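These notes are about the structure you will find just below.
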Amino acid sequence: LGLYPDKVVLAGLYQDRLRAKQALLQSLHRVGALPKRAGRDARRTGMSKALNRAMQRYLADSHSALLGLQPEDWLDMATPVNIPGTSDEYPNWRRKLSATLETLFSDPATDTLLRDLTARRKRLLRN
Numbered sequence: 013l014g015l016y017p018d019k020v021v022l023a024g025l026y027q028d029r030l031r032a033k034q035a036l037l038q039s040l041h042r043v044g045a046l047p048k049r050a051g052r053d054a055r056r057t058g059m060s061k062a063l064n065r066a067m068q069r070y071l072a073d074s075h076s077a078l079l080g081l082q083p084e085d086w087l088d089m090a091t092p093v094n095i096p097g098t099s100d101e102y103p104n105w106r107r108k109l110s111a112t113l114e115t116l117f118s119d120p121a122t123d124t125l126l127r128d129l130t131a132r133r134k135r136l137l138r139n
């Protein structure tokens, strides 16, 4: 697409992204959001359910006034949102969930996650 002036710039951007991913992974481990057995090297640690949940716990533990979460993340959906040129696959402004809301909210894993995140947010209010 010619978005980058040369391969050196592109390589630098990839390195920046790797450093950011490594810093996030280290933070998730430092605060105990990830199990100790989870990977510690961003080059070898791909997205997983454990990493997904750890990032949601990490966000829930932040001192923000509001917390917005995506049901797509609860369902472990990997397809990105709002990608140009995807109007034939689905409207860019609307994402189709891989499960109905009834199925999503009756899933014990979703219930466990939401209870955990709610408890974490309440704990912040007490501190």
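Under my numbering, the sequence shown has 92 at position 80, and the numbering climbs by one with no breaks. For every residue, glycine included, the Cβ atom is placed at its ideal position computed from N, Cα and C. None of the values given here were measured: they were computed from a predicted structure.
Spatially closest choice to residue i from the options, by CA coordinates
i: L78; options: L129, L25 and V21; result: L129
i: F117; options: D28, L36, R31 and P83; result: P83
Check whether residue i and residue j have beta carbons under 8 Å apart
i: A66; j: L46; result: yes
i: T122; j: W86; result: yes
i: L136; j: D73; result: yes
i: D88; j: K61; result: yes
i: Q68; j: L109; result: no
Alpha helix (DSSP H) segment containing residue i, residue limits
i: A23; result: K19 to R42
i: D85; result: P83 to W86
i: N139; result: Run containing N139: none; DSSP gives neither H nor E here.
7 Å CB neighbourhood of residue i in its chain, flanking five on each side removed
i: S99; result: none
i: A54; result: L30, K33, Q34 and L37
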